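Just so it is clear: in the sequence shown, position 32 is 807 by the working numbering, and no numbers are missing.
Heads up, the beta-carbon is just placed ideally off N, CA and C, and yes, glycines get one too.
Model, not experiment: these values are computed from the prediction.
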Amino acid sequence: MWLQMMDEWKLAEAKNQLSEVVNRALSKSPQRITRRKDAVVVVRESDYRRLTGERCGFIEYLMNGPSLEDVDIRRDRTPMREVDL
């Protein structure tokens with residue numbers, strides 16, 4: 776999917792328009808920069824982390840995770856059921 780949408784830049788052009796390369800990588804899609812037969816891809820950091828499987832720490836997960844505002848965390852005071860042993 777990304778490969779089809781990727782813009783391609785020659786190195787000299789990318790150097791002259793680095794801000795535009797970065798802006799497009801952040802707002803549109805990854806940007807491919809070529810130098811002779813070699814190529815690199817500029818991607819937003821969040822996409823890189825997702826693609827490499829890097830995970831955030833527990834605190835970051837809690838701070839950035841889903842809202843728990845509507846979750847009822849009151850203790851259930853009903854007696855426990857009896858278990859036959």
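Consult DSSP for lysine 785 and reduce its assignment to one of helix, strand or coil. The residue you call residue 785 lines up with position 10 of the sequence shown. In the structure shown, lysine 785 sits in a strand (DSSP, three-state: E or B).
Could you spell out the range, first to last residue, of the alpha helix (DSSP H) harbouring isoleucine 834? Numbered from 1 along the sequence shown, position 59 holds the residue referred to as residue 834. From DSSP, the alpha helix (DSSP H) with isoleucine 834 extends over 833-839.
Using 8 Å as the threshold, is the C-beta distance between glutamine 806 and aspartate 845 below it? As a first step, residue 806 is located in the sequence shown; it is residue number 31 there, counting from the start. As a first step, residue 845 is located in the sequence shown; it is residue number 70 there, counting from the start. Taking 8 Å as the Cβ cut-off, glutamine 806 and aspartate 845 do not qualify as a contacting pair.
Helix, strand or coil for valine 816? Go by DSSP, reduced to three states. Start at 1 with the first residue of the sequence shown, and residue 816 comes out as number 41. In the structure shown, the three-state DSSP call for valine 816 is strand.
Going by beta-carbon coordinates alone, are arginine 819 and leucine 843 separated by less than 8 Å? Along the sequence shown, read from residue 1 onward, the residue named residue 819 stands at position 44. Along the sequence shown, read from residue 1 onward, the residue named residue 843 stands at position 68. Taking 8 Å as the Cβ cut-off, arginine 819 and leucine 843 do not qualify as a contacting pair.
May I ask you to report which of helix, strand or coil DSSP gives threonine 827? Your numbering for residue 827 matches position 52 in the sequence shown. The answer is helix: DSSP assigns threonine 827 an H, G or I state.
How many Å lie between aspartate 859 and arginine 852 at the Cα? The count along the sequence shown starts at 1 and reaches residue 859 at position 84. The count along the sequence shown starts at 1 and reaches residue 852 at position 77. Those two C-alpha atoms are separated by around 22 Å.
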